[in-house]
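So for the sequence shown, UniProt numbering puts the first residue at 1; every next one is plus one.
Read the structure below first, then the notes.
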Amino acid sequence: MDRWIFPVLLFIPLCLGLLQNQDNQVFEPRNLRIYSNNSLQQLLLEWDVSDDSEAYNSKIEIVFNIQIRLREEDKRIILNVNYTTVLNKSRQHHQWSFISEVPLQCATHEARIRSRMTSSKIWSNWTDWVAANGPDALSNEKNHIFPEEKVFERGSNITFCCIAKKNKIVATYTFYKEHNKTNQQRIFFTRKPDSSFPRRFQLTCGFNGSINPSQTYLYLNRQPDKPQHLSCETEDMINIRCTWNPGCVEKTDYFEEVCPMEFILSDVSSTKIYCSTKFQKSCSFKRDDQFLYNVRLTSRNCLGQKHEQLSFNVMHTVRPVIIGKPSVDHLNATFIQLSWQIKSINASLSFLCQINVGENKYNITAQSDSDSHFHFQLGGLQPATNYMFKVRCAADVSPFWKWSSWTESISAETTEAAPSGLLDVWRHINSGLKQRNVTVFWRESSDFRANGKIQKYHLSWENLEDPSMQRHNDSVSASQNYRKISLGNRSYKILVWAQNSISTSSPSVIIIPASDKNGKVHYSEETTDNNEEHKIYISWKRQSKFSQYIVDWCNQPIGPLCDFQWKKYGQIKSSDLITSDAFKRGVRYTFNVYGIQDDRSYLLEKKAKYLEEMEPPDYLSCNIEEITANSLRVTWERYDQKFSSGFIRGYMLYMKMDNQSCSVQGSQPLIRPGNLTICSYKIEKPNQTEFTVRHLKPNRKYFFALQAYAVNPNYTDNVIFKSVITPDDEKWLFNLLYLLLIIPLILMCMCSRKSSRVRNCLCPAIPQPKVTPFFKMSLGITEINDMIPNQLVMLEKPQEFSPKQSTLGILLENMSYSQSTYYPEVQIEERTDQKFNSGVTSYKPLQDFGFTSSPNPCTPEAPLYSKDNLNYLYQTEVLPSMIQGTDSSCSVHWLDYRPQCSTTSRRNTDY
């Protein structure tokens, strides 16, 4: 064994050297050739490699580095790319193609190549530059413009050129809106269109010596998007239809010619093409014997192509088609049979179908008959109701695929049945003296079903307190929902029911209570709190004895039509937002709240409400009275009886001074523009009609305005004020002194000239009256009934009178009054208010008895005494001469008493 070790050790370095030599081996490219295809703007490079049979047999991978440059553009390299391939005997000649962005006719393209093994880092030498046919190969006898009718991808650079014929130059060129002048035989430049460029624009080159410039059109497009949502299905297991979303496709007539869009559906594992289309979103092909498909969809245009793949089992992609409309067979009022047909399918399948009835959907599993007909019986329908039916089906496979399209809807109506449920009944009562006008209203409740066309409504009412009275029956047409009847003041029971062509409903019962059974009802004027748009908030006090509550109102309370409405609530309900599109701001609505107990209604509350209260639009007219130097009184008429767009809650009295700020004790300041302050008084009693303004200043001009308010007072500057000037205190004092001093002096002068006459008038002989009899007597008060005083005795001569004797007692014994009543307070006030008159006697005892004096007590034409003034006695001292004794010249006579006349002049005279 040892003898083999030494040869092996010698062989290993030899093998490593051979391997290293192989890795460093270089295969030189040679015989580089370049061809141009101007129509495709394509360069084709072809070359060979050095002949090495050992290398070809080992199938070594080799990398070729290729460079392309433009000779006319300072020999600028426009491409540097690596191309990898495997060396073998069949590939001694190698090819590589390249599509240039620069038109081949505009610049001479040159290429060179070098190589290396993939396992080596050593490159071979470059071949020489080899040129393709360029502008030098063009004809010198004509002008050229490149490219012509070419499509470019949006966002890419566009290189073009203009080449003049022999001995001519390019004078101008236009690239879309860019205009330039030049003086060269050939121009070559590159531009990048921005987003403002249209999909097609013009390129022109103007050559000297040519009348018209040469022109061509260039196009901007984009590579196709990758197809999305590729899906394939079958209707009959014979034809397969595939659909997809192509993405963004710019479809124009000129693109269809220069850069058409194409979709190709092919098999992934083979070259078989199932179908192809242009600018479409679907294509179809016939199914062969297979069930599993693996397809590829390719979207391509002149700029590129994209792919999408799909694998599917055709048994799981069956989407049935329903033929025509379903048909309906009527069975009864709540039962219908529905039938439909599905397009024949070349397979044995069960189906899941869905029936749409109005807003309800029913899922059923169905098996078709030999003709693919399906039948389904649908129950639980409402009588005399029109239904809309439509159907769709799907193959009952897992996983679920797709529903078919809905069939066209078909309508059918069930037959009629007797009405079910109760009508919702309520009433409105107008009470009179002997009878009441009751309007009974009804409507369909939530549980009422007409089950057909209502033909008429029936009513029946009877007196509950007198069963012997005849029951009344009546009926109205189906178009009417109320009936007016006249009832007495007793309680009545009213029945209402509906009738269709089949039968009648059960009657609804309402009890009309006897008159004046509700007692006092609470009435309230409530705010608009918690109201919303077209909604008025109502609340009431809940009582356990009532099983139901009813609120009624008029939607049109101020119009000729009331539009009576009502709403019912359960036992636990105590508030609601009542909604009506008829509710308007500034309209007063009255809501009546009733409690229901044993079919009897009891009015609990009446509520006046507004959706939104409005403020009075105008200021009020007011009067200013009792003006003094420091106060005045403002009066007005109540406004709440004239205004109905809100509840008058009070008044605002505004007071201002002429071009001065107002500051008065007890008022609230209201600052206006110009920093002028207006005094305001808030009167929070709507029934108040006067207000006293105090703390004013004398000899000042004040302005007043009055405003009623409902919710919030809103002062405006267009108000018209009423002005008033307070008087001066000194003038009043001067006038008062004038009256107290000047008038008494005048009277004194007048009296001094006729002192005797005045003395006789002021101090006449005082007679002694005597009146009899007295029935009732008390100290200071005398009340006489059923007597008329007609005479009294005049004592002309006084006698001795004992001061110890009661003067009042003697007078009371000799005087009589009839039908007089003593009112101490009133009489004292009347006496206090009497004015001083120089012609009135000062005889106090008679004056205290209430006898009326004439204006001139000394004239015989003085009137008789007034009976109204003989109403009380004044307790005072009387002279003894007035009680006993008479003058010799004066006899006792029964006379009508006239105290101011002398006894001598009126003796024996009848009045």
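Glycine included, C-beta positions come from ideal geometry on N, C-alpha and C.
Residue i (DSSP reduced to helix, strand or coil)
| i | result |
| --- | --- |
| D599 | coil |
| I550 | strand |
| I683 | strand |
| C751 | helix |
| Y457 | strand |
| W497 | strand |
| A137 | helix |
| P845 | Unreliable positioning characterises P845 in this predicted model, as indicated by a pLDDT of 48, which lies under 50. A coordinate reading is not provided. |
| D267 | strand |
| C858 | Summary for C858: the model assigns pLDDT 38, below 50, so the residue's position carries little reliability; its value from the coordinates is reported in the next sentence. C858: coil per DSSP, three-state reduction. |
| N143 | coil |
| H695 | coil |
| Y523 | strand |
| M261 | coil |
| M469 | coil |
| Y619 | coil |
| I743 | helix |
| H94 | strand |
| A171 | strand |
| residue 912 | Any question about residue 912 goes unanswered here, given that the chain covers just 1 to 911. |
| Y639 | coil |
| D728 | coil |
| V314 | helix |
| L464 | coil |
| Y738 | helix |
| R490 | coil |
| L676 | strand |
| H229 | strand |
| Y709 | strand |
| residue 949 | This structure does not reach residue 949, given that the chain is present from 1 up to 911, and the question cannot be answered. |
| R319 | coil |
| residue 913 | The question about residue 913 has no answer here: the residues shown for the chain are numbered 1 through 911. |
| L87 | coil |
Where the beta strand (DSSP E) containing residue i begins and where it ends
| i | result |
| --- | --- |
| R200 | 200-207 |
| R628 | Before going further, note that residue 628 is Thr rather than Arg in the sequence given. Element bounds for T628: n/a, residue is neither H nor E. |
| D329 | 322-332 |
| S282 | 282-286 |
| P669 | 668-672 |
| M117 | 109-117 |
| K484 | 482-487 |
| I238 | That residue, I238, is in no beta strand (DSSP E); it is neither H nor E in DSSP. |
| F189 | 186-191 |
| C662 | Run containing C662: none; DSSP gives neither H nor E here. |
| Q105 | Counting along the chain, Q105 falls outside any beta strand (DSSP E), and DSSP gives it neither H nor E. |
| L338 | 335-342 |
| N360 | 360-366 |
| K535 | 535-539 |
| N356 | 351-357 |
| S276 | 273-277 |
| T159 | 158-163 |
Cross-strand partners of residue i (DSSP beta bridge)
| i | result |
| --- | --- |
| R304 | Per the sequence presented here, residue 304 reads as Gly, with Arg not at that position. Answer is N301. |
| L40 | Beta-bridge pairing links L40 to no other residue. |
| I648 | I648 pairs with nothing; no bridge assigned. |
| Y49 | Strictly speaking, residue 49 in this sequence is Val, with Tyr absent from that position. According to DSSP, V49 bridges with P29. |
| V151 | Y219 |
| H179 | T174 |
| V593 | V551, E605 |
| S195 | In the DSSP output, where bridge partners are listed per residue, S195 has none listed. |
| E612 | Answer by DSSP bridge pairing: none, since E612 is not bridged. |
| N65 | N82, R114 |
is_contact[residue i, chain D] using C-beta, thresh 8 Å
| i | result |
| --- | --- |
| F312 | Among the chains of the structure shown, chain D does not appear; only one protein chain is present. |
Inter-residue CB distance, residue i and residue j (contact presumed, cutoff 8 Å)
| i | j | result |
| --- | --- | --- |
| C283 | C248 | Actually they do not touch by this definition, with Cβ atoms about 20 Å apart. |
| L32 | A111 | 7 Å |
| W426 | F441 | 5 Å |
| V321 | S404 | 6 Å |
Scan the segment 377-451 and note each continuous beta strand (DSSP E) run of 3 residues or more that stays entirely inside, going in chain order. Here the runs fully enclosed are 386-395, 410-413, 423-431, 436-444.
If you scan the segment 549-586 from start to end, which runs of the beta strand (DSSP E) of 3 or more residues do you find wholly inside it? 564-569, 575-579
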